[in-house]
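Each residue of the sequence shown is one higher than the one before, counting from 11 in our numbering.
Backbone N, C-alpha and C define an ideal beta-carbon position, used for all residues, glycine too.
Here is the structure we will look at.
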Amino acid sequence: LARAAALEETYYNEQSRVVSFAPANTDTEHNLSRVNVYYTTGTVGTCIDHPRQGKTQLFRRNVTLAMLPDIFCDPRVHTGTGYHRRVRQRRATCAVCLDKESQVTLRPCGHDQLCAGCADQLPRRDGRLTCPICRAECMFAPLAGAPLAEEYEAEAALVSLRREESEVQQRIQAAKSVVDAAKERRAVEVRRAEEERKRAAAAAAAAELARQAELRRQQERERQAQLQRERAARGTQRKYSLYPKAKETIDEEFDECTKIVALNPTSEGAFVIDENGGYAYSAGMPDGLYDLMQEEKKKKRNQRTPAYVALGSENRYYIRFTDGSSQWSGDGDEFDKSVREGMSKGGIRSVAFGEPDSWFIVYGNGGWSNLSNCPGLNNKISARNRRGDLTCVSLGPNREWYLAAENGRTWWGGWGNNSALPAQIKHIKDRITFMDFGGDDTFIVRYE
Numbered sequence: 011l012a013r014a015a016a017l018e019e020t021y022y023n024e025q026s027r028v029v030s031f032a033p034a035n036t037d038t039e040h041n042l043s044r045v046n047v048y049y050t051t052g053t054v055g056t057c058i059d060h061p062r063q064g065k066t067q068l069f070r071r072n073v074t075l076a077m078l079p080d081i082f083c084d085p086r087v088h089t090g091t092g093y094h095r096r097v098r099q100r101r102a103t104c105a106v107c108l109d110k111e112s113q114v115t116l117r118p119c120g121h122d123q124l125c126a127g128c129a130d131q132l133p134r135r136d137g138r139l140t141c142p143i144c145r146a147e148c149m150f151a152p153l154a155g156a157p158l159a160e161e162y163e164a165e166a167a168l169v170s171l172r173r174e175e176s177e178v179q180q181r182i183q184a185a186k187s188v189v190d191a192a193k194e195r196r197a198v199e200v201r202r203a204e205e206e207r208k209r210a211a212a213a214a215a216a217a218e219l220a221r222q223a224e225l226r227r228q229q230e231r232e233r234q235a236q237l238q239r240e241r242a243a244r245g246t247q248r249k250y251s252l253y254p255k256a257k258e259t260i261d262e263e264f265d266e267c268t269k270i271v272a273l274n275p276t277s278e279g280a281f282v283i284d285e286n287g288g289y290a291y292s293a294g295m296p297d298g299l300y301d302l303m304q305e306e307k308k309k310k311r312n313q314r315t316p317a318y319v320a321l322g323s324e325n326r327y328y329i330r331f332t333d334g335s336s337q338w339s340g341d342g343d344e345f346d347k348s349v350r351e352g353m354s355k356g357g358i359r360s361v362a363f364g365e366p367d368s369w370f371i372v373y374g375n376g377g378w379s380n381l382s383n384c385p386g387l388n389n390k391i392s393a394r395n396r397r398g399d400l401t402c403v404s405l406g407p408n409r410e411w412y413l414a415a416e417n418g419r420t421w422w423g424g425w426g427n428n429s430a431l432p433a434q435i436k437h438i439k440d441r442i443t444f445m446d447f448g449g450d451d452t453f454i455v456r457y458e
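The structure is reproduced here in structure tokens:
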């Protein structure tokens, strides 16, 4: 409303609850100097120059917003609710010292009864002082050319610059807050991404560990299954008729882990090897084999462990160690040659010693070298068309024999009329996996 009447706000006092307006151009036709609006009581006062009474104030009570536009446009308009108060004439001397000429006008209250010296003595804060007349917080401007004008102008400029500096610092702080907040958000995102990466890496590592553990379990299951198949192929049960010392060794050492069992045909000796590398033997070993095993036991390093053994009469033996090396004492040059031929025929699966100067070697490729002088065995080999699919042959001192092929079938024969073997195997013929023979119709049969 005031702006429409070409007025501008010049003063506001919250305690007095008054807002003052003055013309933007003082050369108005009504010579209006100021309009005071007391917004809580509805009183409006206009400071005017009356043609007869001079400078006066016209007050109107209970003014509404609808009346204000008329008052702003014509300060002399009568509402029937007002009264006049004459304005005191401006005094020429200072109201404080009562001596020097008034030179200072305070803004925004408009009081101009101070000289420059007294105005300079008023306490100030940030270039602002309290008007001694109305107690309003004001600034003053000395008259142009006054001694203090330049100083106060500089001071006012300094206050303005400080205010601008404060505003700039506030804006800088606000900008820094935005930047810091953005940095913190980025840092949070980086930390979150890093935590997510670590969680993903930990999950992947855990999954890999689980996969490897499952792989190891699967491999162990397959190893155990293969081990069970190998044990079943060897035979985990036994039947025997043995010399006392051989029986004692077999009873103590034989179990499902037993890999090799060999009997000495001319003594009570028995040699047992298990799948874990352990071995045991009784008295009655061939002299050369016994001496060899004693030498191995004395070694502090590089001890060799038996993997396969075969025993025969007349101190004959064949032994192969887990490192692939082998030693033997056989029946002359022909036996030595046949053993060495095993290197080119897939290794040696089994060696059997029968009567003196008789033996049988089965090679890794299923072939064989036969000097057994055992009619029953030779007839069976011929009946099978001399197929090279053998896995094991055993011979006894009295032309007993045992034959196994790769298809799982087994054959045996040659024992004497006094042998207990037929009665022992009567009910397990289709489950026999191995036989070996000792002297005086002794034997051991493995079955599953």
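Extent of the continuous alpha helix (DSSP H) run through residue i
i      : result
Arg13  : First-last for Arg13: undefined, no H or E at that position.
Asp261 : 254 to 263
Ala129 : 126 to 131
Ala393 : 385 to 393
Cys141 : Note, Cys141: premise wrong, no alpha helix (DSSP H); not H, not E.
Tyr300 : 297 to 308
Close-in-space but distant-in-sequence residues of the same chain around residue i (CB under 8 Å, 5 per side omitted)
i      : result
Thr140 : Leu132, Pro133, Ala146, Glu147, Cys148
Arg314 : Glu306, Phe331, Thr332, Asp333, Ser335
Gly398 : Asn375, Gly376, Gly377, Trp378
Ser112 : Arg100, Arg101, Ala102, Thr103, Cys104, Ala105, Asp122, Gln123, Leu124, Cys125
Residue i - containing beta strand (DSSP E), residue span
i      : result
Gly342 : No beta strand (DSSP E) holds Gly342; the alpha helix (DSSP H) holding it covers 342 to 351.
Tyr289 : 289 to 291
Tyr412 : 411 to 415
Asp10  : Because the chain in this structure spans residues 11 to 458, residue 10 falls outside the shown range and cannot be described.
Lys249 : 247 to 251
Asp284 : 280 to 284
Lys269 : 268 to 273
Gln337 : 336 to 339
Same chain, Cβ closer than 6 Å to residue i, five either side skipped, listed in chain order
i      : result
Pro118 : Thr20, Tyr21
Arg138 : Glu147, Met149
Pro79  : Leu11
Integer Cβ distance of residue i from residue j, believed to fall under 8 Å
i      : j      : result
Thr401 : Arg359 : 6 Å
Pro275 : Gly423 : Their Cβ separation, rounded to whole angstroms, is 17 Å, which puts Pro275 and Gly423 out of contact at 8 Å.
Ser354 : Phe370 : Going by Cβ atoms, the distance from Ser354 to Phe370 rounds to 19 Å, so no, they are not a contact pair.
Glu263 : Val282 : 4 Å
Check whether residue i and residue j have beta carbons under 7 Å apart
i      : j      : result
Ala320 : Ser292 : no
Cys384 : Arg409 : yes
Glu278 : Gly294 : yes
Cys83  : Val106 : no
Val87  : Val73  : no
Lys250 : Ile454 : The question names Lys, but residue 250 in the sequence shown is Tyr. Contact flag set, yes.
Ser429 : Asp451 : yes
Tyr49  : Arg13  : no
Gly342 : Arg326 : no
Cys144 : Cys125 : no
Ala362 : Ser404 : yes
Val29  : Val47  : yes
Through-space distance from residue j to residue i, alpha-carbon basis
i      : j      : result
Gln123 : Leu68  : 23 Å
Gln304 : Leu273 : 19 Å
Cys57  : Ser43  : 6 Å
Arg244 : Leu237 : 10 Å
Leu11  : Glu175 : 35 Å
Pro33  : Asp130 : 29 Å
Asn481 : Gln25  : Residue coverage of the chain in this structure runs from 11 to 458, which leaves residue 481 outside it and unanswerable.
Asp440 : Leu387 : 19 Å
Arg239 : Glu285 : 13 Å
Arg173 : Ser187 : 21 Å
Arg396 : Tyr373 : 14 Å
Asn417 : Ala393 : 16 Å
Ala317 : Gly287 : 7 Å
Asp261 : Gly364 : 25 Å
Thr66  : Val114 : 23 Å
Asp346 : Gly449 : 25 Å
Ala290 : Ala217 : 46 Å
Leu225 : Arg195 : 44 Å
Thr208 : Ala191 : Note on identity: in this sequence residue 208 is Lys, with Thr being the wrong assignment. Cα-Cα distance, rounded: 25 Å.
Trp338 : Ile438 : 34 Å
Arg419 : Arg311 : 42 Å
Lys9   : Ala214 : The structure shown does not extend to residue 9, since the chain is modelled only from 11 to 458, so the question has no answer here.
Gln179 : Lys193 : 20 Å
Arg96  : Leu171 : The pLDDT assigned to Arg96 is 46, lower than 50, so where the model puts this residue is not dependable, and the model offers no usable value.
Pro296 : Trp411 : 21 Å
Lys308 : Tyr300 : 13 Å
Own chain residues within Cβ distance below 7 Å of residue i, not counting five before or after
i      : result
Lys390 : Leu413, Trp421
Glu458 : Ala242, Gly245, Thr246, Gln247, Arg441, Thr443
Cys267 : Asp284, Glu285, Asn286
Any non-hydrogen atom of the ligand GTP within 6 Å of residue i CB
i      : result
Phe345 : With respect to small molecules bound, the structure shown includes none, and the ligand GTP cannot be examined in it.
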